[in-house]
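Novice:
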Amino acid sequence: MSWYRETRDKVYAGFRVLVSPVVKGLVRIEMPPSAITVAGLLFTGIAFILMYRGSVGGSWGWMRAAGGVILFAAAWDTVDGEVARARGRSSPKGAFLDSILDRVSEFVVFLGILMFFDLSRLDSILIVCLLFASYIISYIRARAEGVGIECKVGIFDRATRIFILGVALIAIPQHTNWIIRILLAGTVFTATRRFIYVLTRRKRD
713 MSWYRETRDK VYAGFRVLVS PVVKGLVRIE MPPSAITVAG LLFTGIAFIL
763 MYRGSVGGSW GWMRAAGGVI LFAAAWDTVD GEVARARGRS SPKGAFLDSI
813 LDRVSEFVVF LGILMFFDLS RLDSILIVCL LFASYIISYI RARAEGVGIE
863 CKVGIFDRAT RIFILGVALI AIPQHTNWII RILLAGTVFT ATRRFIYVLT
913 RRKRD
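With my numbering, letter number 153 in the sequence shown gets 865, and the count goes up by one each step, no holes.
#1: When the distance is taken between beta carbons, is residue 762 closer than 8 Å to residue 774?
#2: Helix, strand or coil, according to DSSP, for residue 743 in the structure here?
#3: Anyone know if the C-beta pair for residue 814 and residue 892 falls short of 8 Å?
#4: Which whole-angstrom value describes the C-beta separation of residue 902 and residue 849, a residue pair presumed to lie in contact below a C-beta threshold of 8 Å?
#5: Apply the 10 Å Cβ neighbour rule to residue 754 and answer buried if 16 or more other Cβ atoms are within range, or exposed otherwise.
#6: Since residue 731 contacts residue 818 with CB under 8 Å, what's their CB separation in whole angstroms?
#7: Tell me the residue span of the alpha helix (DSSP H) that contains residue 868.
#8: Starting from residue 833, follow the alpha helix (DSSP H) in both directions and report where the run begins and ends.
#9: Taking only three categories from DSSP, how would you classify residue 766?
#10: Kindly list the residues whose CB is nearer than 8 Å to the CB of residue 727, restricted to its own chain and excluding five residues on each side of it in sequence; keep chain order.
#11: Are residue 899 and residue 846 close, meaning C-beta to C-beta below 8 Å?
#12: Going by beta-carbon coordinates alone, are residue 723 and residue 758 separated by less than 8 Å?
#13: Looking at residue 870 and residue 895, is the spacing between their C-beta atoms short of 8 Å?
So, in C-alpha cells, the structure goes:
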C-alpha cells in the first residue's frame, strides 16, 4: 500500500500549508500545545452534542453538522504537533497526552453514534467491535514500538477512520450503518496486517 502512504503524505503536506496561518497565529499568542490538544477533545464533545440534538429533533442536518465538526476536530488534531515543533516544545509528555485524548475522542464519537442513531442490535454490536479493533490497532503499534519495531502499515489508521466517518455523516448520515460495516472490515484488516507484520519482523530479527 505504498501508493496510499505516498498519497496520504502528499495530502498531509498540502494540509500543513493550509493550516500554517493558524499555526503561526497560535505560536504568536504562545498557546501551549497541550491546550490545543485538549481543545480538540472539546470539539469532539460539540459533535456529540450535535448528534444528541439531531436525535431529539429528528433532523439529519444536525448529524451533518456533527460530521463537519468531527472533520474540523480531526484537522485540529494536527495543529498541536505543528505548534509544538514550531516552538521547540515537542516532548514525550505531549505525545502521550495527544495519544490518550485521541482514543477518548474516538470513543466519544462512536458513543454518540451508538446512543443517538436508530441502529439495530447488530449494528450496535458492530460499533463495539469497531472500537475494540481500533484500540487493538493502537495497542499493536505501541507494543511494536516498545520492542523497537516501527509499525505504521495498513490503511485504516485513526485519521482515515475519522475522515471516512466525518464525510459519511455529512453526505449520507442515513446510511451510517453501512459505513460502520466498511470501517469495521477495514479496521480488522489493518489490525490483522499489523499483527502479522510485527510477528514476521520479530522472526527475521
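Think of the CB as a built atom: it goes at the ideal place given N, C-alpha and C, for glycine as much as any other residue.
Owing to the predicted nature of the structure, the values given are computational and were not obtained by experimental measurement.
Specialist: The structure says:
#1: yes
#2: coil
#3: no
#4: 6 Å
#5: Exposed.
#6: Actually they do not touch by this definition, with Cβ atoms about 21 Å apart.
#7: Residue 868 -> no alpha helix (DSSP H), and no H or E assigned at all.
#8: 833 to 858
#9: helix
#10: 787 and 790
#11: yes
#12: No, the pair does not count as a contact, with Cβ atoms beyond the cut-off.
#13: no
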